[in-house]
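**Q** My questions all concern the structure below.
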Amino acid sequence: MTDVAAIGQKLLRASAQNDLEQLDSALRGASPDYANGIGQTGLHVASIHGHVEVVKRLLKAGALVSSTNRYGVTPLHYAADSGRIEVARLLIEAGANKRTRASNGKLPVDMIKEDADCAEELQALLGSGSNKLHRAIKGHNLALLRQLLEAGKEDLSAVDSRGRSPFHLAALAAVTSTEDREQFNSSMAALQALVLAAKARGGEDKVRRLCSEDYLDDDGFSPLHVVVHADLVDGAAMLLEAGADPNVQTYPESDSEYRSGQWGRTLADGTKEILSAQSDCSSLHIALGEIGMDNGCIHAAVNAGDVEALALLLRHGADPSAAGKGGWTPLTLAARSGKTSARGGAALAAPGGGRPFTAALGVVNKRAAILRLFGEEA
């Protein structure tokens, strides 16, 4: 056994035995992510045993919070399986992804044992069901939402059974209540209250994480995608100005609901009402036949023909030359879909909006000729 392996084994033993002195010694010579033959790290081991101080020291040393073993299991899976609520909290605070599935398809929440003393707490933490924030938003109860946020006890990253955080629900509530001005204003105020609470707890980094690829719902959408897809520019501006990443990408497992030209309205009792494309919300429905794997919000804005949303995304750093599904860039999508207005083309090709569009870029996207529509030479 090499010296590195020997020190690594020492780290794993210390993690299992809650031996902080030996752990500190091992960390001076081994990576905090040293793993055994099946990919178990010290963080996995400490999470199984519930050794809180070991977890803290490993995280401080830079251990990967969502490292997976050979079976795709993360430390958070083990914390849930072993009923280690304090460890689970630490891992989530450090950025552990609650939506990571093991090789058998199970989420951390699926590992909770019903007879565990902290089963209910773990379920609330890991998002098997709605928490109080979710219920306040679904019930359009802005006063209760603000009261809960001020108390600071509810997890802003908690997700419901469809992977939706309070940010998703507030965005959806705003999108689906445009016909009711009072509910729309309440929903926008709810989204703003969540943004302010997130910034108070962790600044722009907190908002950015809650709107990132780590928090896509079961359809593969971030809160920013929800408002951009729906042409809700005020909502998009609010999230972008608070720190949301304009280049966050989506990977919907099934986009049939969106492609059919429908949008769901979540009612106060938690049921879902479908709005037809013929309603006043028709402008919210984007044909997502071209939106899917690896597309960003900028692709959605282009397909919607929404110059205002497009300009907003570009101002906040969205990449106008980002390749999406099939390698199509936003510029190519604009020409391909017939949305080649002078304003749209100018927005995409504007100085400071990203890398310049060249014939080479057009060739990559199989449509060099369309660049001429925007005054480019092929």
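Be aware that the sequence shown starts at 13, since it is given in the numbering used here, and climbs by one per residue.
The beta carbon of each residue, even a glycine, is placed where N, CA and C say it ideally should be.
1) Among Ala-212, Asp-230, Glu-132, Phe-196, whose alpha-carbon lies nearest the alpha-carbon of Asp-172?
2) Determine the extent of the alpha helix (DSSP H) in which Tyr-46 is found, giving its start and end residues.
3) Would Leu-161 and Ala-182 qualify as a contact pair, given that the criterion is a beta-carbon distance under 8 Å?
4) Would you list, in sequence order, the uninterrupted beta strand (DSSP E) runs of no fewer than 3 residues that lie entirely inside the stretch 102-152?
5) For Asp-246, is the classification buried or exposed, using 16 other Cβ atoms within 10 angstroms of its Cβ as the cut-off for buried?
6) Is the beta carbon of Pro-415 sitting closer than 8 Å to the one on Leu-145?
7) Report the three-state DSSP secondary structure of Gly-214 (helix, strand or coil).
8) Would you decide whether Ala-17 is buried or exposed? Buried here means 16 or more other CB atoms lie within 10 Å of its CB.
9) Given 8 Å as the limit, is there contact between the stretch 114-133 and the stretch 83-97, that is, 3 or more CB pairs closer than that?
10) Taking the C-alpha atoms as reference points, what is the distance between Ala-242 and Ala-210?
11) I'd like the ranges of any alpha helix (DSSP H) spanning at least 4 consecutive residues and lying wholly in the stretch 52-111.
12) Mapping the DSSP letters down to three states, classify Gly-308 as helix, strand or coil.
13) Just the C-alpha distance for Lys-22 and Lys-110, rounded to the nearest angstrom, thanks.
14) Cutting at 7 Å between CB atoms, please list the residues of its own chain near Asp-257, excluding the five before and the five after it.
15) Could you tell me the distance, in whole angstroms, from the CA atom of Val-314 to the CA atom of Leu-322?
16) Please tell me whether Ala-28 and Val-57 are closer than 8 Å, where the distance is taken between their beta carbons.
17) Reducing DSSP to helix, strand and coil, say where Ser-288 ends up.
18) Which first and last residues belong to the alpha helix (DSSP H) in which Gly-20 is found?
19) First and last residue of the alpha helix (DSSP H) that includes Ser-246?
20) Between which two residues does the alpha helix (DSSP H) containing Arg-327 stretch?
21) Counting C-beta neighbours from all protein chains within 10 Å, is the total for Gln-52 16 or more, i.e. buried, or is it exposed?
22) Could you give the distance in angstroms between the alpha-carbon of Asn-153 and the alpha-carbon of Arg-96?
23) Extract the residue ranges of the beta strand (DSSP E) inside the stretch 177-246, only unbroken runs of 3 or more that lie entirely within it.
24) Can you say whether Asp-129 is buried or exposed, counting buried as having 16 or more other CB atoms within 10 angstroms of its CB?
25) Could you spell out the range, first to last residue, of the alpha helix (DSSP H) harbouring Leu-39?
26) Taking Val-187 and Val-239 to be in contact with their CB atoms under 8 Å, please state how far apart those CB atoms are, rounded to whole angstroms.
**A** According to the structure data:
1) Residue Asp-230 holds the alpha-carbon nearest to the alpha-carbon of Asp-172 among Ala-212, Asp-230, Glu-132, Phe-196.
2) Segment: none, Tyr-46 is in no alpha helix (DSSP H) and carries neither H nor E.
3) The criterion of a C-beta distance shorter than 8 Å is not satisfied by Leu-161 and Ala-182.
4) Residue ranges of uninterrupted beta strand (DSSP E) with 3 or more members are absent from the stretch 102-152; none lies entirely inside it.
5) Exposed, since its Cβ has fewer than 16 Cβ neighbours within 10 Å.
6) Nothing in the structure corresponds to residue 415, since the chain is present only between 13 and 390.
7) Three-state result, Gly-214: helix.
8) That one is exposed.
9) Segment contact: the stretch 114-133 against the stretch 83-97, three or more CB-CB distances shorter than 8 Å; contact assigned.
10) Between Ala-242 and Ala-210, the C-alpha separation is close to 23 Å.
11) With a minimum length of 4 residues, the continuous alpha helix (DSSP H) runs that stay inside the stretch 52-111 are 54-61, 64-72, 87-93, 97-105.
12) In the structure shown, Gly-308 sits in a strand (DSSP, three-state: E or B).
13) A direct Cα-to-Cα measurement between Lys-22 and Lys-110 gives close to 29 Å.
14) Taken in chain order, the residues that qualify are Arg-220, Cys-223, Ser-224.
15) Rounded to whole angstroms, the separation of the alpha carbons of Leu-322 and Val-314 is 7 Å.
16) Yes, the pair counts as a contact, with Cβ atoms nearer than the cut-off.
17) Summary for Ser-288: the model assigns pLDDT 31, below 50, so the residue's position carries little reliability, and this model does not support an answer.
18) Unbroken alpha helix (DSSP H) run through Gly-20: 15-29.
19) One point to set straight first is that residue 246 is Asp, not Ser, in the sequence displayed. In the DSSP assignment, Asp-246 falls within the unbroken alpha helix (DSSP H) covering 245-254.
20) For Arg-327, the enclosing alpha helix (DSSP H) has its first and last residue at 319-327.
21) For Gln-52, the number of other beta carbons within 10 angstroms of its own is at least 16, and it is reported as buried.
22) Rounded to the nearest whole angstrom, the CA to CA distance from Asn-153 to Arg-96 is 33 Å.
23) Entirely contained in the stretch 177-246, not one beta strand (DSSP E) run reaches 3 residues.
24) Looking at its Cβ environment, which holds fewer than 16 other Cβ atoms inside 10 Å, Asp-129 is exposed.
25) Counting along the chain, the alpha helix (DSSP H) containing Leu-39 begins and ends at 32-39.
26) The Cβ separation is near 7 Å, so the contact holds.
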